[in-house]
Structure formats: C-alpha cells, structure tokens
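Have a look at the structure below, then the notes.
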Amino acid sequence: KNQVEQSPQSLIILEGKNCTLQCNYTVSPFSNLRWYKQDTGRGPVSLTIMTFSENTKSNGRYTATLDADTKQSSLHITASQLSDSASYICVVSDRGSTLGRLYFGRGTQLTVWP
Amino acid sequence: EADIYQTPRYLVIGTGKKITLECSQTMGHDKMYWYQQDPGMELHLIHYSYGVNSTEKGDLSSESTVSRIRTEHFPLTLESARPSHTSQYLCASSESVSPRGETQYFGPGTRLLVL
Numbered sequence: 002k003n004q005v006e007q008s009p010q011s012l013i014i015l016e017g018k019n020c021t022l023q024c025n026y027t028v029s030p031f032s033n034l035r036w037y038k039q040d041t042g043r044g045p046v047s048l049t050i051m052t053f054s055e056n057t058k059s060n061g062r063y064t065a066t067l068d069a070d071t072k073q074s075s076l077h078i079t080a081s082q083l084s085d086s087a088s089y090i091c092v093v094s095d096r097g098s099t100l101g102r103l104y105f106g107r108g109t110q111l112t113v114w115p
Numbered sequence: 005e006a007d008i009y010q011t012p013r014y015l016v017i018g019t020g021k022k023i024t025l026e027c028s029q030t031m032g033h034d035k036m037y038w039y040q041q042d043p044g045m046e047l048h049l050i051h052y053s054y055g056v057n058s059t060e061k062g063d064l065s066s067e068s069t070v071s072r073i074r075t076e077h078f079p080l081t082l083e084s085a086r087p088s089h090t091s092q093y094l095c096a097s098s099e100s101v102s103p104r105g106e107t108q109y110f111g112p113g114t115r116l117l118v119l
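Top line first, the protein sequences correspond to chains A and C.
Under this note's numbering, think of the first position of the first sequence as 2, with each following residue one higher.
Under this note's numbering, think of the first position of the second sequence as 5, with each following residue one higher.
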C-alpha cells in the first residue's frame, strides 16, 4: 500500500534553533518528493522538489534530503523564525506523467516560540 | 504567491442547503483539483480536471459535483449539505506535465461548517 508517514506529528522549538522533520514513504514507482509549507488557514506552498537522482535541495533556510534507497526524506530548518510556525507536508508522486498521482502525509505541525 | 482564489473563505450553513464553492486561477493552468482536508489529517483528492469539459472523481468518495466550463474556473457544488461535509476544501491548479513533474499551486481554502 502506498503511504507517506511523517514524524513527529508536532514539534515545539525556540526561535533561532534548528530542527529536522522526517518523512518515510512506501510509494512505488517513485517519481518525485515535495515538501510543502501550510500556514494556518492557508493553502500549502511548495518549498522543495526532488527527483530520484537528487539527494539534497535547499531553499533559503530550508534544506531537504532524500534517500531513495531507504525511502526516507528529511526537511531541516536552520535558525528558525516565528514565521516558520506552520504545518509541513511531505508529498510523494508515483509517476512524472499525466497519470501520476500524489500521496500526502499528514504533516508535522511546527510551533516556534520566541 | 500563486494566483488562485477561493470564495468564500468561511461558510456556515444549515443542513439541506445547496452550496457552491468557487475556485478560479489566472495562471492559465489546464489542470485543476479539489481536495478535502480535516484538521491534522492528510489532503484527500475528491475531484480533478485536465481541462475544459473534463472532470474526474478523485480517490475520496464525495457527494459533491464539479464543472469546468472555462479554463480558469472550477466550482464545487453540494446539492444538500450535511454535517458530515464539514471540512476544509482546497482548490489547486498545475500546468501541463514537465519532466520534473508538476507543482500544484493551492488556493487559501474554504472552511465549511454545516450545522
């Protein structure tokens, strides 16, 4: 069964600290993996996208890694800011074509305290 | 920020009423989607469209219907709202397939409460 599991479910950190969010997937065949940020009351916004051959991708203070062999990805946030408080969703696509579908994780709810 | 809009943002309505959730995008994307998301849960695809006059049901069974008469517009209709329809509804769009796969751009969502 194709699934995307994220951990932890929720996380509280202090402003300025780093954190790492995890995503494990069983989706096959694998096409690409995205991390989205969803602010409260808003739609998700894409942060990074990685294909099979890419094992790291950065977007400012966000760095995503991908291990396609173990089917694991992580999102590392450096020097957290209050605006980083949001839900971070891991999304895996099973095929890079019109027929591809997306599998969503439940997200990690990150809260950054001052 | 993506040019995709949803109205209303919040809706409280009584059981049995007919409602239409509006979604429009100005990016010229062919593909559009409706997702349902409950608090703390993953997004579930309920409808999608590959273009004008194309509509398909998604993975999650839904009593709602959609139409795609214009490229930029993808409304979702519930003929008779029930409390079980209470949820957040997210609209998204994407351009045609690229080698890296498509990125979906999401609207802000409509939070629906059926009493």
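Backbone N, C-alpha and C define an ideal beta-carbon position, used for all residues, glycine too.
Can you grab the Cα-Cα spacing for the pair isoleucine 78/A / tyrosine 26/A, in whole Å?
Approximately 20 Å between the Cα atoms of the pair.
Using a Cβ-Cβ cut-off of 6 Å (strictly less than) and excluding sequence neighbours within five positions of leucine 119/C, which residues of its own chain qualify?
Gly18
What's the gap between the Cα of glutamate 60/C and the Cα of threonine 66/A?
Between the alpha carbons of glutamate 60/C and threonine 66/A lies a gap of roughly 34 Å.
Straight-line gap, valine 16/C to leucine 111/A (C-alpha atoms, nearest Å)
28 Å
Please list the segments of the beta strand (DSSP E) lying wholly inside the stretch 42–78 of chain C, counting only runs of 3 or more residues, in order along the chain.
48–53
CB glutamine 10/C to CB proline 112/C, shorter than 8 Å?
The beta carbons of glutamine 10/C and proline 112/C sit closer together than 8 Å.
Determine whether the beta carbon atoms of leucine 83/A and glutamate 6/A lie at a separation below 8 Å.
no
Rounded C-beta distance between lysine 58/A and valine 46/A? I'm assuming under 8 Å.
Actually they are not in contact, since the Cβ atoms of lysine 58/A and valine 46/A sit about 15 Å apart, beyond 8 Å.
Spell out whether any CB of chain C is found under 8 Å from the CB atom of phenylalanine 117/A.
Here chain A comprises residues numbered 2 to 115, so residue 117/A is not present and cannot be evaluated.
Which bits of chain A does leucine 94/C rub up against, with CB to CB less than 8 Å?
Gly44, Pro45
Where in the stretch 20–64 of chain A do unbroken runs of the beta strand (DSSP E), each at least 3 residues long, occur, reported from the N-terminal end onward?
The stretch 20–64 of chain A contains these whole beta strand (DSSP E) runs: 20–26, 33–39, 46–52, 57–60.
For the beta strand (DSSP E) holding alanine 69/A, just list the boundary residues, first then last.
Per DSSP, alanine 69/A belongs to no beta strand (DSSP E) and is neither H nor E.
Of all the options Trp114/A, Thr21/A, Ala69/A, Thr64/A, which has the alpha carbon lying nearest to the alpha carbon of serine 86/A?
Trp114/A
For alanine 69/A, which residues from the same chain have a beta carbon less than 7 Å from its beta carbon, with the 5 sequence-adjacent residues on both sides left out?
Phe31, Phe53
Please report whether the beta-carbon of isoleucine 50/A lies at a distance below 8 Å from any beta-carbon of chain C.
yes
Interface residues of chain C around arginine 107/A at Cβ under 7 Å?
In chain order: Gly44, Met45, Glu46.
Can you list, in chain order, the residues of its chain with a C-beta nearer than 6 Å to that of valine 93/A? Leave out the 5 residues immediately preceding and following it.
Val5, Tyr26, Val28, Leu34, Tyr104
Quick check on the DSSP output: the beta strand (DSSP E) that includes leucine 83/A runs from which residue to which?
Looking at the DSSP string, leucine 83/A is not in any beta strand (DSSP E), and its letter there is neither H nor E.
Compute the beta-carbon to beta-carbon distance between asparagine 19/A and serine 81/A, rounded to the nearest angstrom, for a pair I have assumed lies under 8 Å.
7 Å
For chain A, check one thing: does any of its Cβ atoms lie closer than 8 Å to the Cβ of threonine 81/C?
no
Find out if the Cβ-Cβ distance for the pair serine 97/C, methionine 31/C is shorter than 8 Å.
Less than 8 Å separates the beta-carbon of serine 97/C from that of methionine 31/C.
What residue range is occupied by the uninterrupted beta strand (DSSP E) comprising alanine 87/A?
87–94 is the extent of the beta strand (DSSP E) around alanine 87/A.
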